[in-house]
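Q: Structure incoming, see below.
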Amino acid sequence: MQLDFLGDLKRTHRCGEVRLSDAGSTITLMGWVSRRRDHGNLIFIDLRDRSGITQIVFDKERNPEMHERASVVRNEYVLAVTGLVESRSEGTRNPKMETGEIEVLASELKLLNESKVPPFFPGDASVTLNEEVRLKYRYLDLRRPEMHANIEMRHRVTLAIRNYLASEGFYEVETPYMTRSTPEGARDYLVPSRVHPGEFYALPQSPQIFKQLLMIGGLDRYFQIARCFRDEDLRADRQPEFTQVDLELTFPTEETIHGVVEGFLNAAFTAAGYTIERPFPQMAYDEAIRLYGIDKPDLRLPAMTDVKALLPADALETLLIDPSLPMVVIRTPKVGELSRKERDEHKALLSEKQSRVIKFFDDFKRLEKSWPDAIAKIRELSGAEEGDLLVLVAAPRNDAPTNTETAAVSSVDAAAERRHQRDCYAVYSNAGQLRLALAQRYGARHKAFEGKTYKFLWVTDFPSFEWDEEHATWTFAHHPFTSLHEDHMGLLDEGVKAQHDPNSALGAIRARAYDVVLNGTELGSGSIRIHQQDVQAKIFEALGMSEEEQKLRFGFFLEALQYGTPPHGGIALGLDRIVMILAGAPSLREIIAFPKTAAATDLMMDAPTPVTDAQLKELSIAIKR
Ligand code: ASP
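The structure is reproduced here in C-alpha cells:
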C-alpha cells in the first residue's frame, strides 16, 4: 500500500474538540481509525485521538477521489484528514458524543500508516478483554479511552500534588536508584556491579535515608514523586515497583506534617473533582485496635462496642466465655432478618485458627430470652437500629493451665500485664477481621461501600517494635529511624536487655509514627525521626544488631547524625493507590502505563529474561542450573 508522508501538514484541532461553532471552517485532524462503516456511496470513519472522536464522511458524489482512497482504510490505520466541518442533519445527530452535532466532509486524506488486524479493537467498548492480552499489547490497550482517562487523571493528580508542595516551599530532589539496602522490611532488588565483582547495588525500597540526609544537608523541605522497589511476596494488586509521594521536613511537629499531607491530598482530590473534609480525625493505635481491631479502620461502618461490663457472670458461665478477655459487639447496619441457613453460614467466616482465639454469638433474640436486661443495654450502647445485625464476640474459656513463661529481665508483674495485653489484642484483632468479613458479606444491604464517601483518618502512636514469631525476636514495626515517645526511653533501656522475650518492654514502646488511612486502606506512613546518634545506635541494638553490624550497614548514617542533625520527620504516600481510588479503578494495573502482573512479569517486554553467558561473565556471576 502506498503510504503518504506527513510533510509539513499541521493539525488544527484534536478529534474530540470539534463543535457546532466550527461548522463552515476547514480543519485538519490526525488520528486512528476507530471504526469504519461503508454504506456504498458514503464511507464513515470515526477518527480517534486521545481527546475523543470525530466522524469523517467520504462522499462519492461530492469527492469521488477521496471516496476511493478511503475504501482501502481499515481499523487502526493512521490518517490525516482535511475537510469542511458540517452540521449533521437533524436525525443523524448523536447526543452521546461530544462531537455528535457535526461531521467533517473529507477533502484531503493522507494515509500515514496501516495496521495489522489488532488482537482487539481499542475503539470497541462492547467486548470484555482478557487482561493478559491487554498487557501483552499494552500499546493498543493504552489507545482505549478508559486508559486515556486513567492516565490523564494520574497526570492531573500528580501535577496538583507537585504544585501544592512547591507552593509550600518544598524542593523536588531526585535521589539515586543505584544505592545500598534501605530497611523498609522487604527484600531488595539487587544490581550486580561489573566494576566491583561480587558487589551489588540495591534498588531503593524508599528514599528514606537519602531524604534524612537531605535534612542534615539543610534543604529544609524535600519532596519527590519517587519510584520504590520492593521484592515482596506475590499478592494480587501489588507492584514490585511503585510510586510514592515522599517528603521530609526539618523542625516539624506531627501537626505540621499532617497539615502538609491534608493539603496535598485536598489538592489531589480537588483536581479529580472531589471535596474532602479537613482536618482528618485522629486515633491512637491502641484505640484503633480496641474499637476496630485493626490499625487501618474503615470508618464507613460502626466501631465495635465494648460490652464486658454489661454481661452478667452467669452469661459468661453459660456461654463458656473467658471472663478476663475482651467482649465486644459488632454491628453491621441494615442486614435485616436472617434465615437459619444464612446464620449457619457465618460459621465459615472464622478459620480454625481464629476459632481458637474467639467465638461469636449472632442470635441476639436467643440471648435476649436469657438475659433481657443486659441485651437491651447492649443494643442501646451499640446504637443498634431496626434491621442491624449484632454479633457478640468473646474469647472461649480455656481451662488449660495458664502460660507459665516468665519475662527474662522485666518485672514479672509488668510482663504479665503485657502478656495479658497481647492476648486482649488477639481477641480485638480477630473480632476486627470478623467485622470486615461481615461488612463484605452484607455490602449489598448496608451499601456503605458504594458511592464516593471518603473517610480519612490519622492513626498515631504505633508500637515501635513488632514481635517476630518465626525468629523469636523483636523487629521494627515501621523502620528503624522512627522516633519513640520521649517518655518511653526508659522502656527502651529495659527492653534492649530482653530482645527475645515476647513480653519484653519493647512491646510497650510507642513511636511518633502515623499512618494516613482512607476507607480502611493505608495510604501512607511516616514518622518523626531519630536525630540523635546515641538513640539511633540503641534502636539498632534493640533490633539485635551488634556494633560491628551497625557500622557495616549504617556506619555512614551514624556518622552523619553526629554533625548537627536537626529534628526532622516526614511521610510517604502511595501515589498509585491514590490515583486508583480517584479513578475508581479496580486494580493498580489500570492506572500504571506499563504494569507488571501479579507474578512480577512484564508480558509485553517479556521481562525478566535470562541474559547471555557473556553478560554474566562480565559481572562475574555464575548461575546454578
Ligand atoms: N519511607 C517510609 C516508607 O516508605 C515512609 C516514611 O517514613 O517517610 O514506608
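Sequence positions in the sequence shown follow the working numbering and run 1 to 625. Idealized CB from N, CA, C, for every residue including glycine.
Please state if the CB of F120 and the CB of L135 are separated by a distance shorter than 8 Å.
A: Residue 135 sits at position 135 when you count from the first residue of the sequence shown. Residue 120 sits at position 120 when you count from the first residue of the sequence shown. The answer is no: Cβ separation not under 8 Å.
Q: Consider the C-beta atom of H479 and the heavy atoms of the ligand ASP; say whether any pair is separated by less than 7 Å.
A: Residue mapping note: residue 479 aligns to position 479 of the sequence shown, counting from 1. Yes, the Cβ of H479 comes within 7 Å of a heavy atom of the ligand ASP.
Q: May I ask you to check if the CB of I571 is nearer than 7 Å to at least one heavy atom of the ligand ASP?
A: Taking the sequence shown and counting its residues from 1, one reaches residue 571 at position 571. The answer is yes for I571.
Q: Throw me the rounded Cβ distance for the V691 and L105 pair, which I believe falls under 8 Å.
A: Because the chain here runs from 1 to 625, residue 691 falls outside it and cannot be looked at.
Q: Name the DSSP beta bridge partners of G273, please?
A: Within the sequence shown, residue 273 is the residue found at index 273, counting from 1. In DSSP, G273 forms no bridge with anything.
Q: Where do the N-terminal and C-terminal ends of the beta strand (DSSP E) with R340 fall, by residue?
A: Sequence index remark: in the sequence shown, residue 340 carries index 340 (1-based). Premise fails: R340 lies in the alpha helix (DSSP H), 340-345, not in any beta strand (DSSP E).
Q: Short check: CB of H148 to CB of R50, under 8 Å?
A: Here residue 148 refers to the residue found at position 148 when the sequence shown is read from its first residue. Here residue 50 refers to the residue found at position 50 when the sequence shown is read from its first residue. Yes, Cβ-Cβ distance for H148 and R50 is below 8 Å.
Q: Taking the C-alpha atoms as reference points, what is the distance between A407 and H488?
A: In the sequence shown, residue 407 corresponds to position 407, counting from 1. In the sequence shown, residue 488 corresponds to position 488, counting from 1. Confidence is the limiting factor: at A407 the pLDDT is only 41, short of 50, which leaves the residue's position unreliable, though a coordinate-based value still follows. Cα-Cα distance, rounded: 19 Å.
Q: Here's the rule I'm using: 16 or more other beta-carbon atoms within 10 Å means buried, otherwise exposed. How should K359 be labelled?
A: If you number the sequence shown from 1, residue 359 lands on position 359. K359 should be labelled buried.
Q: Classify N113 as helix, strand or coil using the three-state DSSP reduction.
A: For the purposes of this step, residue 113 is identified with residue 113 of the sequence shown, where counting begins at 1. Note: N113 maps to strand in three-state DSSP.
Q: Would you mind sorting R230 into buried or exposed? The rule is 16 or more other CB atoms within 10 Å of its CB.
A: In the sequence shown, the residue the question calls residue 230 occupies position 230. Buried: at least 16 other Cβ atoms inside 10 Å.
Q: In whole angstroms, give me the CA-to-CA distance for T182 and D493.
A: Along the sequence shown, one-based indexing puts residue 182 at 182. Along the sequence shown, one-based indexing puts residue 493 at 493. Distance between the alpha carbons of T182 and D493 is about 25 Å.
Q: Note down, in chain order, each residue of its chain lying with its Cβ closer than 6 Å to the Cβ of A284, except the 5 sequence neighbours on either side.
A: For the purposes of this step, residue 284 is taken as the residue at position 284 of the sequence shown. If we look at A284 and ignore the five residues flanking it on each side, its Cβ neighbours are T460, D461.
Q: Tell me where the alpha helix (DSSP H) around F540 begins and ends.
A: Counted from its first residue, the sequence shown places residue 540 at position 540. Counting along the chain, the alpha helix (DSSP H) containing F540 begins and ends at 533-542.
Q: Closest by CA to R187, which one among R194, E199, T179, L203?
A: Mapped onto the sequence shown, residue 187 falls at position 187. Among R194, E199, T179, L203, the Cα nearest to that of R187 is on L203.
Q: My guess is that R295 and A288 are in contact by the Cβ rule of under 8 Å, so how many angstroms apart are they, rounded?
A: Counting from one through the sequence shown, the residue named residue 295 turns up at place 295. Counting from one through the sequence shown, the residue named residue 288 turns up at place 288. A quick correction: the sequence has Asp, not Arg, at residue 295. Going by Cβ atoms, the distance from D295 to A288 rounds to 6 Å, so yes, they are a contact pair.
Q: Can you list, in chain order, the residues of its chain with a C-beta nearer than 7 Å to that of K308? Leave out the 5 residues immediately preceding and following it.
A: Counting from one through the sequence shown, the residue named residue 308 turns up at place 308. Closer than 7 Å at the Cβ level, and outside the excluded window around K308, lie P326, M327.
Q: Determine the closest residue to A3 out of S115, T82, T475, S89, with distance taken between C-alpha atoms.
A: In the sequence shown, counting from the first residue as 1, residue 3 sits at position 3. Just to set this straight, residue 3 is Leu in the shown sequence, not Ala. The shortest C-alpha separation from L3 is found at S115.
Q: For the structure I just gave you, are there three or more beta carbon pairs, one from the stretch 414-422 and one from the stretch 502-522, closer than 8 Å?
A: Cβ pair count under 8 Å is three or more, so yes.
Q: Going along the chain, which unbroken runs of the beta strand (DSSP E) with 3 or more residues stay wholly within the stretch 16-84?
A: Qualifying beta strand (DSSP E) stretches, in chain order: 26-39, 42-49, 52-59.
Q: Quick one: is S483 buried, meaning 16 or more other Cβ sit within 10 Å of its Cβ, or exposed?
A: Within the sequence shown, residue 483 is the residue found at index 483, counting from 1. The residue is buried, with at least 16 neighbouring Cβ atoms inside 10 Å.
Q: Inspect the beta-carbon positions of I571 and S525 and report whether they are closer than 8 Å.
A: As a first step, residue 571 must be located in the sequence shown, where it is residue number 571. As a first step, residue 525 must be located in the sequence shown, where it is residue number 525. In contact: I571 and S525 (Cβ atoms closer than 8 Å).
Q: Under 7 Å: does the beta carbon of G526 sit that close to some heavy atom of the ligand ASP?
A: Taking the first residue of the sequence shown as 1, we reach residue 526 at position 526. Yes, since a heavy atom of the ligand ASP falls inside the 7 Å radius drawn around the Cβ of G526.
Q: Is E522 helix, strand or coil by DSSP?
A: If you number the sequence shown from 1, residue 522 lands on position 522. If DSSP states are grouped into helix, strand and coil, E522 belongs with the strands.
Q: Report yes or no: do three or more beta-carbon pairs, one from the stretch 565-583 and one from the stretch 247-259, lie closer than 8 Å?
A: Output reads yes: the stretch 247-259 touches the stretch 565-583.
Q: Comparing alpha-carbon positions, which option in E352, E86, L573, G31 lies nearest R227?
A: Stepping through the sequence shown from its first residue, residue 227 is reached at position 227. Nearest of E352, E86, L573, G31 to R227, Cα basis: L573.
Q: Could you spell out where the alpha helix (DSSP H) holding K359 opens and where it closes?
A: Translated into the one-based positions of the sequence shown, residue 359 becomes position 359. Run containing K359: none in the alpha helix (DSSP H); it sits in the beta strand (DSSP E), 359-361.
Q: Short check: CB of M215 to CB of T179, under 8 Å?
A: Here the question's residue 215 lines up with position 215 in the sequence shown. Here the question's residue 179 lines up with position 179 in the sequence shown. Contact: no.
Q: Please confirm whether any heavy atom of the ligand ASP lies closer than 7 Å to the CB of S587.
A: Within the sequence shown, the letter at position 587 stands for residue 587. No, the Cβ of S587 stays beyond 7 Å of every heavy atom of the ligand ASP.
Q: Can you give the Cα-Cα distance for N367 and G383, rounded to whole angstroms?
A: Position 367 of the sequence shown, counted from the start, is the residue given in the question as residue 367. Position 383 of the sequence shown, counted from the start, is the residue given in the question as residue 383. The amino acid occupying residue 367 in the given sequence is Leu; Asn does not appear at that position. Looking at the two C-alpha atoms, the distance is approximately 18 Å.
Q: When you compare the CB positions of K377 and L310, do they come within less than 8 Å of one another, or not?
A: Translated into positions along the sequence shown, residue 377 becomes position 377. Translated into positions along the sequence shown, residue 310 becomes position 310. Taking 8 Å as the Cβ cut-off, K377 and L310 qualify as a contacting pair.
Q: So, is I43 buried or exposed, given that buried needs 16 or more other C-beta atoms within 10 angstroms?
A: Counting from 1 along the sequence shown, the entry for residue 43 is found at position 43. Burial call: buried.
Q: The alpha helix (DSSP H) spanning A160 covers which residue range?
A: If you number the sequence shown from 1, residue 160 lands on position 160. It spans 145-167 - the alpha helix (DSSP H) in which A160 sits, taken as one unbroken run.
Q: Is S206 near the ligand ASP, judged by its Cβ being under 7 Å from some heavy atom?
A: Position 206 of the sequence shown, counted from the first residue, corresponds to residue 206. Yes, Cβ of S206 sits closer than 7 Å to a heavy atom of the ligand ASP.
Q: Who are the near neighbours of E68 in its chain, counting only those whose CB is closer than 6 Å to its CB and skipping five residues on each side?
A: Counted from its first residue, the sequence shown places residue 68 at position 68. No residues qualify anywhere along the chain.
Q: Would you mind working out which of L381, H39, F361, E469 sits nearest P302, comparing C-alpha positions?
A: Position 302 of the sequence shown, counting from 1, holds the residue named residue 302. Checking every option, the nearest Cα to that of P302 belongs to L381.
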